[in-house]
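Notes follow once the structure below has been shown.
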Amino acid sequence: MTRPRLFIAATGAANLASVLAMCDRAGVKAIVTDDPDALRDAERVLLPGVGSFGAAMAALDRSGLATVLRERASKKKPLMGICLGMQMAFCSSEEDEGIPGLGIIEGRVVKFRTALPLPQLGWNRVQPGASSSLVKPGWAYFANSYRADSIPSGYSVSSSSYGGEFCAAVEAREPGDDLPWLLLCQFHPELSGAWGLDLFCRWMGLDGRKADAPSISNTKQDAPPLFSSPRSTAARVIPCLDIKGGRVVKGVRFENLVDSGDPAELSLRYEREGADEIALLDISATIEERKTALDALKRVRAAVSIPISVGGGIKTVEDARRLLEAGADRVSVNSAAVRNPGLIPALAMRYGVQCVIAAIDAYSTSPGEWKVAIDAGRTKTGLDVRAWASACALAGAGEILLTSIDRDGTGLGYDLDLVSAVAEAAPIPLIASGGAAEPGHFLRGLEAGARAVLGAGVFHRSELSISDLKDYLARSGQEVRI
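Per the numbering used here, residue 1 is the first one in the sequence shown, and the count goes up by one each step.
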């Protein structure tokens, strides 16, 4: 049987590994191209997007794809846009003034006007419009600081909320057609688990999913009202996998490492338990071992359909590119960012702030005071943690991964004073890390100001399942995806 084909517009900035993995799960043959003629004649086209509006539009203009995409829209030929791909469908963006978009939809893209941390990172509820035929109620993964300002009449609009209601998806259908020709998603269906895969298959005209996506415990999607939570995005639970020699290891205060299993197998187990994201940390010391870690990333990407963040040894934009092409959705930088202040801005300019995590390893020097350590905790920099976190946010980091070296692997819980101090100092989302071993530790980390909580050994050793933890958090009043 011939596999249905999908042509994907090459923008030069998108992380295509996750999109390609989604296509594979759906039984779709994906063809990535910057050839205008190929897109012009294609039955279906997908416009992905990671990065900045201006850079992505410049790439489409240089290749001639912008003209072809406009032609396709004028003829109502099937087109899907994801995140930045959706935003480029509008006429202009506040992100890059003076640069025209594709103009498929009359309107403008603007930055969120909210006191909530930006970018919006994580899982948020999506409510379909009254005339939506593709989008169903459920949880979707978002990574955006900008949104459509308004949608003209004649389109079906699905909604979400982040400090106020905004457009989560747009559908357009011609009279008499069974399926909409246009689907624009502000979220990432390729990172939204089984729900996102189902949506993609519906747009492709497939009868249900053609391949199995992990059946996880996040399908109680219709119970609570859509806009019930003041935090809007769900609190995220993130298992962290330290990779060495292609295996998952875990120690105490970054030392005495022991084998904890295969990264792909563990990641799949965690997704089935309801993990919101997978964090991979390459702690390898040699070039050969880094190749092994890259292979582990590829296997994890093939196994799961949720976001993957990767850190360890990223010193250049080229290092980040290799990881993103291998399957990472976001990259975290630590030691290299301290040594090279231009690294975070360069990564943000190339891939967008939502792609850049500033990993900060902190140690206490006195009550209420913390300094930054690098080189896996071996080198003390003397940098004040709060000042460095603020500087990272200003430089273009979209999130902070904050680890207390003093608490790492101890089971004593997060350093809550540290979490609170950094959450107050930097106006971007924060992941708490280091020391959580029981449900109350994770809850208190969220209450201290973290938007996500990270654990390792307690999950690897099966002392606490992610599903049980999320049930506990929900009973304690936290908005979680369960």
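Cβ coordinates follow ideal geometry from the N, Cα and C atoms, glycine included.
{"Check": "Just verifying my parser: in three-state terms, what is the DSSP assignment at C392?", "Outcome": "helix"}
{"Check": "Alpha carbon to alpha carbon, how far is G85 from P214? Give it in angstroms, no decimals.", "Outcome": "Any reading at P214 needs caution, since the residue's pLDDT is 49, under 50, leaving its predicted position unreliable; the model's value is listed next. Each residue's alpha carbon lies about 26 Å from the other."}
{"Check": "Short of 6 Å in beta carbon distance, which residues of its chain neighbour L20, apart from the five on each side in sequence? Order them along the chain.", "Outcome": "A30"}
{"Check": "Identify every run of the beta strand (DSSP E) within the segment 45–129, keeping only runs that are complete inside it and at least 3 residues long; order them along the chain.", "Outcome": "45–47, 79–82, 90–93, 105–111, 120–126"}
{"Check": "Secondary structure at G440, three-state DSSP: helix, strand or coil?", "Outcome": "helix"}
{"Check": "Less than 7 Å between the beta carbons of I308 and A452, yes or no?", "Outcome": "no"}
{"Check": "Quick check: the Cα distance between G98 and H460, rounded to an integer number of angstroms?", "Outcome": "50 Å"}
{"Check": "Give me the Cα-Cα distance between A391 and V333, rounded to the nearest whole angstrom.", "Outcome": "14 Å"}
{"Check": "What are the boundary residues of the alpha helix (DSSP H) that includes K470?", "Outcome": "466–475"}
{"Check": "Grouping DSSP H, G and I as helix and E and B as strand, with all else coil, what is K136?", "Outcome": "coil"}
{"Check": "Beta strand (DSSP E) containing I31: first to last residue?", "Outcome": "29–33"}
{"Check": "Is DSSP giving P239 helix, strand or coil here?", "Outcome": "strand"}
{"Check": "Is it buried or exposed for T403, if we count other Cβ within 10 angstroms and need 16 for buried?", "Outcome": "buried"}
{"Check": "Just confirm the distance between the C-beta atoms of S192 and Y146, as a whole number of angstroms; I'd bet it's less than 8 Å.", "Outcome": "So it is not a contact: roughly 19 Å between Cβ atoms."}
{"Check": "Ends of the alpha helix (DSSP H) at T146?", "Outcome": "This sequence places Tyr at residue 146; Thr is not what is there. Not the alpha helix (DSSP H): Y146 falls in the beta strand (DSSP E), residues 146–148."}
{"Check": "What's the C-alpha gap between A425 and E95?", "Outcome": "24 Å"}
{"Check": "Applying the 10 Å Cβ sphere with the 16-neighbour rule, what's the burial state of G440?", "Outcome": "exposed"}
{"Check": "Checking the sheet assignment: what are the DSSP bridge partners for R461?", "Outcome": "None; R461 has no bridge partner."}
{"Check": "Identify which residue in K315, V249, G103, L121 has its Cα closest to the Cα of G342.", "Outcome": "K315"}
{"Check": "State the DSSP-derived secondary structure class of Y363, mapped to helix, strand or coil.", "Outcome": "strand"}
{"Check": "Output needed for N144: all residues of its chain with C-beta closer than 7 Å, excluding positions within five of it in sequence on either side, in chain order.", "Outcome": "C83, P119, Q120, Q186, Q354"}
{"Check": "Which ranges does the alpha helix (DSSP H) cover as unbroken runs of at least 4 residues, wholly within the segment 272–356, from first to last along the chain?", "Outcome": "287–303, 317–326, 335–339, 343–351"}
{"Check": "So, using beta-carbon positions, are D406 and Y351 closer together than 7 Å?", "Outcome": "no"}
{"Check": "Would you kindly report the start and end of the unbroken beta strand (DSSP E) that includes L39?", "Outcome": "That residue, L39, is in no beta strand (DSSP E); its alpha helix (DSSP H) goes 36–41."}
{"Check": "Thinking C-beta only, is L179 closer than 7 Å to V170?", "Outcome": "no"}
{"Check": "Pull up the DSSP beta-bridge partners for E399, would you.", "Outcome": "I357"}
{"Check": "Suppose you measure from the CA of A337 to the CA of G163; what does that come to, to the nearest Å?", "Outcome": "31 Å"}
{"Check": "On the three-state DSSP scale, how would you describe Q221?", "Outcome": "Model confidence at Q221 stands at a pLDDT of 40, short of 50, so the residue's coordinates are unreliable and nothing is read from them."}
{"Check": "Report the three-state DSSP secondary structure of Y270 (helix, strand or coil).", "Outcome": "helix"}
{"Check": "How is the alpha helix (DSSP H) around G196 delimited, first residue to last?", "Outcome": "193–204"}
{"Check": "Can you say whether T233 is buried or exposed, counting buried as having 16 or more other CB atoms within 10 angstroms of its CB?", "Outcome": "buried"}
{"Check": "Hey, V356 and G398: beta-carbon distance below 7 Å or not?", "Outcome": "yes"}
{"Check": "Report yes if the C-beta distance between A10 and V28 is below 7 Å; otherwise report no.", "Outcome": "no"}
{"Check": "Just the C-alpha distance for A42 and P48, rounded to the nearest angstrom, thanks.", "Outcome": "16 Å"}
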